[in-house]
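Asker: Take the sequence shown: its position 176, counted from the start at 1, is 904 in the working numbering, and no numbers get skipped.
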Amino acid sequence: MTEKKAIAESLIICNINNNMARKTTLVILLLIACVLPLAAVEDSAAVDPAVVDPATDTRAKRPVLGFGITGAVAVTDEPVGAGYPAGFFTPKAQAVGALSALLDVPLVYSFSLGIGFQLQGVAASNPAGGWTYPAHWGGGFRLSMGYGFELSEPSAALQVRLGTSAGGSANFHLQTFTTLFMFYPGIFLEPYLELDNPKREKRSIAVVLPIEYAFRRDYKFHGSIGIGIVRRYTLQ
729 MTEKKAIAES
739 LIICNINNNM
749 ARKTTLVILL
759 LIACVLPLAA
769 VEDSAAVDPA
779 VVDPATDTRA
789 KRPVLGFGIT
799 GAVAVTDEPV
809 GAGYPAGFFT
819 PKAQAVGALS
829 ALLDVPLVYS
839 FSLGIGFQLQ
849 GVAASNPAGG
859 WTYPAHWGGG
869 FRLSMGYGFE
879 LSEPSAALQV
889 RLGTSAGGSA
899 NFHLQTFTTL
909 FMFYPGIFLE
919 PYLELDNPKR
929 EKRSIAVVLP
939 IEYAFRRDYK
949 FHGSIGIGIV
959 RRYTLQ
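1. By Cβ distance below 6 Å, which residues in the same chain neighbour Asp805 in space, the five residues on each side in sequence not counted?
2. Whole angstroms is fine: what's the gap from Lys789's alpha carbon to Leu963's?
3. Helix, strand or coil for Gly693, going by three-state DSSP, please let me know.
4. Within its chain, find whatever has a CB closer than 6 Å to the CB of Phe839; leave out the 5 residues flanking it on each side and keep chain order.
5. Please report how far the alpha carbon of Gly891 lies from the alpha carbon of Leu902, in whole angstroms.
6. Taking the DSSP output, what are the residues bridged to Arg889?
7. Contact check, Gly796 vs Val936 under 8 Å by CB: the rounded distance?
8. Does the region 846-864 come close enough to the region 818-836 that 3 or more CB-CB pairs lie under 8 Å?
9. Around the Cβ of Pro926, are there at least 16 other Cβ atoms within 10 angstroms (buried) or fewer (exposed)?
10. Let's test the definition: count the other Cβ atoms within 10 Å of the Cβ of Ala884 and tell me whether it reaches 16, buried, or not, exposed.
11. Is it right to say Gly956 is buried, meaning 16 or more other beta carbons lie within 10 angstroms of its own, or is it exposed?
12. Only counting the same chain, and skipping five residues up and downstream in sequence, which positions put a Cβ closer than 7 Å to that of Gly896?
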């Protein structure tokens, strides 16, 4: 009887986590859909790009503060430890949502140093087979090195910049419905496409494609790939 009750409670929790995953994914997609069109909006009261002198425009040499939202899909495979039968647990997907803040400090040439913080939420996997990879949430500190280059002419009405950043992270998470805290390091690669309308001074928007791998001691594999939007502000 106790075993049946435990199974029933486990299925209820899986159901709750599944609903959370669907809602989280929908909210992230809606936010991205709302933010993306901002890249094309023109500010008629701002500076004409024709009068911007590339030789005296130092925006690229100033620190840039970015705020982003990301939606991703993580794949988790086979827990590690005593009591887990080999080959029983198969890879499953988990929905991931993240809010981030990043300060990019320019270095030499087109390189930059990134220092940031990210709030993350990972929804539980589906309960197929009577088991699930649990949900967890928390935050992480990130350090990265970036490089970017211009794809458009200096006089173009829309400046397009292509680049990427790579680095590491230190993450602290709490497993949902438990008091289990965990720490794990990670590495990431984040290509981006930045759109900068010169009429909108000191503001730009970037589409990012983060690819991450977490060094989890409790799983054989935990990695993710996603898409996000970053709003960037050039500091004085």
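Don't be surprised by glycine CBs; every beta carbon is placed ideally from N, CA and C.
Answerer: The relevant details are as follows:
1. If you number the sequence shown from 1, residue 805 lands on position 77. Beyond the five residues adjoining it in sequence on each side, Asp805 comes within less than 6 Å, by CB distance, of Pro819, Lys948, Phe949 in the same chain, given in chain order.
2. Looking up residue 789 in the sequence shown gives position 61. Looking up residue 963 in the sequence shown gives position 235. Answer to the nearest angstrom: the Cα atoms are 10 Å apart.
3. Because the chain here runs from 729 to 964, residue 693 falls outside it and cannot be looked at.
4. Translated into the one-based positions of the sequence shown, residue 839 becomes position 111. Correct list, in chain order: Tyr875.
5. Against the sequence shown, residue 891 aligns to sequence position 163. Against the sequence shown, residue 902 aligns to sequence position 174. C-alpha of Gly891 to C-alpha of Leu902: approximately 33 Å in a straight line.
6. On the sequence shown, residue 889 is found 161 positions in, with the first residue counted as 1. In DSSP, Arg889 forms a bridge with Glu878, Glu922.
7. On the sequence shown, residue 796 is found 68 positions in, with the first residue counted as 1. On the sequence shown, residue 936 is found 208 positions in, with the first residue counted as 1. About 7 Å; that satisfies the 8 Å criterion.
8. At 8 Å Cβ cutoff, the stretches touch.
9. Along the sequence shown, read from residue 1 onward, the residue named residue 926 stands at position 198. Around the Cβ of Pro926, a 10 Å sphere holds 16 or more other Cβ atoms; the residue is buried.
10. The residue you call residue 884 lines up with position 156 of the sequence shown. Ala884 should be labelled exposed.
11. For this step, residue 956 is matched to residue 228 along the sequence shown. By the Cβ-count criterion, Gly956 is buried, with 16 or more other Cβ atoms from all chains shown falling within 10 Å of its own Cβ.
12. Residue mapping note: residue 896 aligns to position 168 of the sequence shown, counting from 1. Hits under 7 Å: Leu871, Pro913, Gly914, Ile915.
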